[in-house]
Amino acid sequence: MSLERFEKTSVEELRKLPIVGSQPKDEKEENFLREICEYEFYNLEEPGVSVRFPYGDSHSHHVFTLFHGGKYRVPRFLAQHIESKSTPIWEWRPDGIGGLTKKLIGHNPRFQMRQVFGG
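Numbering (the numbering used here), first residue to last: 27 to 145.
Right under this line is the structure:
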């Protein structure tokens, strides 16, 4: 969602978005993940470029637009979701019989959400 849309979206609407992926194990963890915090967004893959992405499920979802260096108040689960996006790093290695095998050797993070503390 654009900056204007972010400002018009209530904290409660953001808090009510579904948690996508692994689910919290108890109510305490869910409350922690749904807490709204201020984050600064960084596009590590293409610095300076804004990112637009849908988040949610078929019943409740939003389309977000985040600008490199922008500050946003979002739930922790959304920040964790954004930071979980990465590009795999593959390496081709000889297999010993004249061929090559592909092996996953790591991941490059695509985005970073730095939590902002204080004023």
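Quick reminder that beta carbons are idealized off the backbone N, C-alpha and C, glycines included.
In this text the structure is predicted, and so the values were computed from the model without any measurement.
Please classify Pro-101 as buried or exposed, where buried requires at least 16 neighbouring CB atoms within 10 angstroms. buried
State the start and end residues of the unbroken alpha helix (DSSP H) segment that holds Gln-106. 102-109
Nearest to Val-142 (by Cα), restricted to the options Cys-63, Val-37 and Ser-112: Cys-63
I'd like the ranges of any beta strand (DSSP E) spanning at least 3 consecutive residues and lying wholly in the region 41-86. 62-69 and 77-82
Where does Leu-126 land, buried or exposed, given buried means 16+ other C-beta within 10 angstroms? exposed
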